[in-house]
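Data first, discussion second: the structure below is written as structure tokens.
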Amino acid sequence: MSDNPRYVFEPEKRPALPVSNSDRLFPIRRIYCVGRNYASHAREMGGDPDREAPFFFSKPADAILPGGGRMPFPLATEELHHEVELVVALGAGGARLEPGSCRELIYGYAVGVDLTRRDLQRDAKASARPWAMAKGFDRSAPCSPLVTAVAVGHPRSGSIGLSVNGEIRQSADLADLVWSPEETLAHLSRLVELAPGDLVFTGTPAGVGSLSSGDTYLAWIERVGELTGTVLGPEHAGAAI
Ligand code: MN
12 MSDNPRYVFE
22 PEKRPALPVS
32 NSDRLFPIRR
42 IYCVGRNYAS
52 HAREMGGDPD
62 REAPFFFSKP
72 ADAILPGGGR
82 MPFPLATEEL
92 HHEVELVVAL
102 GAGGARLEPG
112 SCRELIYGYA
122 VGVDLTRRDL
132 QRDAKASARP
142 WAMAKGFDRS
152 APCSPLVTAV
162 AVGHPRSGSI
172 GLSVNGEIRQ
182 SADLADLVWS
192 PEETLAHLSR
202 LVELAPGDLV
212 FTGTPAGVGS
222 LSSGDTYLAW
232 IERVGELTGT
242 VLGPEHAGAA
252 I
């Protein structure tokens, strides 16, 4: 059989993340993100962590930037913010799930950074418009290789943090999550059907701040891994490198 002769052009391969200590790749279907899932960050953004159910937004699958590395400064922003997050990778799916049945969906974990064009997000909030352009831009989801749940279990406590040029900006503990990964997946599965290949960025702790041209960040989560990346200068603005 010939290869997809009816496509107008050759479809791109699915974005993927490498799996640590293996030669395998995890193909990405969708990227979901949770807003305000650490009490400290909810407060710094003006929310009330005690009363808000989790809410979600998404990024395109090809926003993933495996391994961080060097990235051009994004288009259309003067306020690029870092948000370090535990990323949950699903090896199975379902809809209308209970938290008690969600752990078995989880294939593995990664360290991700939910890069945010905070100036665009502020404008979107003020005018009650969507966050899509503030959150779902090119290369907005740097992510470490996945570690499997088989290898590391299900980390629910331990250090999560991010430094910029060696200075610690975010430092917290996974135990401070308002909604656990299982609870988050259960909520999300009531909105959309989950499927293998879905990634969920589970929210960021306090200390979000700006990344400027030339900055190097280091993000870490105990038992999960590290991620480092550098934002290139304005001469690279928006261009693929
Ligand atoms: Mn976030």
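In my numbering, the protein residues as written are 12 to 252.
Even for Gly, the Cβ is constructed at its ideal location relative to N, Cα and C.
None of the values given here were measured: they were computed from a predicted structure.
Under 8 Å between the Cβ atoms of residue i and residue j?
i: L222; j: V175; result: yes
i: D130; j: E90; result: yes
i: G236; j: V161; result: no
i: I75; j: I171; result: no
i: H93; j: L188; result: no
i: R128; j: A139; result: no
i: R167; j: A186; result: yes
i: A85; j: D134; result: According to the sequence as given, residue 85 is Pro; it is not Ala. No. Outside cutoff.
i: A206; j: R25; result: no
i: P156; j: A121; result: yes
i: R234; j: G169; result: yes
i: A183; j: S33; result: no
i: P16; j: A248; result: no
i: V219; j: Q181; result: yes
By the 10 Å Cβ neighbour count, where 16 or more other Cβ atoms means buried, how is residue i classified, buried or exposed?
i: D209; result: buried
i: I179; result: exposed
i: V9; result: Given that the chain is displayed from residue 12 to residue 252, the structure contains no residue 9 and the question cannot be resolved.
i: P77; result: buried
i: G240; result: buried
i: A64; result: exposed
i: S151; result: buried
i: A53; result: buried
i: Y43; result: buried
i: E96; result: buried
i: V19; result: exposed
i: F37; result: buried
i: G79; result: buried
i: G57; result: exposed
i: G111; result: exposed
i: P141; result: exposed
i: G11; result: Nothing about residue 11 can be reported from this structure: the residues present for the chain run from 12 to 252 only.
Using DSSP bridges, identify the partner residues of residue i.
i: A143; result: According to DSSP, A143 bridges with nothing at all.
i: E178; result: V175
i: H93; result: G220
i: D184; result: S170
i: P212; result: Checking the displayed sequence, the identity of residue 212 turns out to be Phe instead of Pro. C44 and V98, per the DSSP bridge assignment.
i: S69; result: Y43
i: G80; result: G240
i: A152; result: I75
i: Y254; result: Since the first residue shown for the chain is 12 and the last is 252, residue 254 is missing from the structure and cannot be characterised.
The region 205 to 217 / the region 41 to 56 touching (three or more Cβ pairs under 8 Å):
yes
Answer yes if the region 182 to 202 comes into contact with the region 26 to 36, meaning at least three C-beta pairs across the two stretches below 8 Å, and no otherwise.
no
Taking 5 Å as the limit, tell me which residues put their C-beta closer than that to any heavy atom of the ligand MN, in chain order.
E94, D125 and T215
Counting Cβ pairs closer than 8 Å, one from the region 113 to 120 and one from the region 69 to 89, do we hit at least three?
no
Given 8 Å, three or more beta-carbon pairs between the region 100 to 115 and the region 225 to 235:
no
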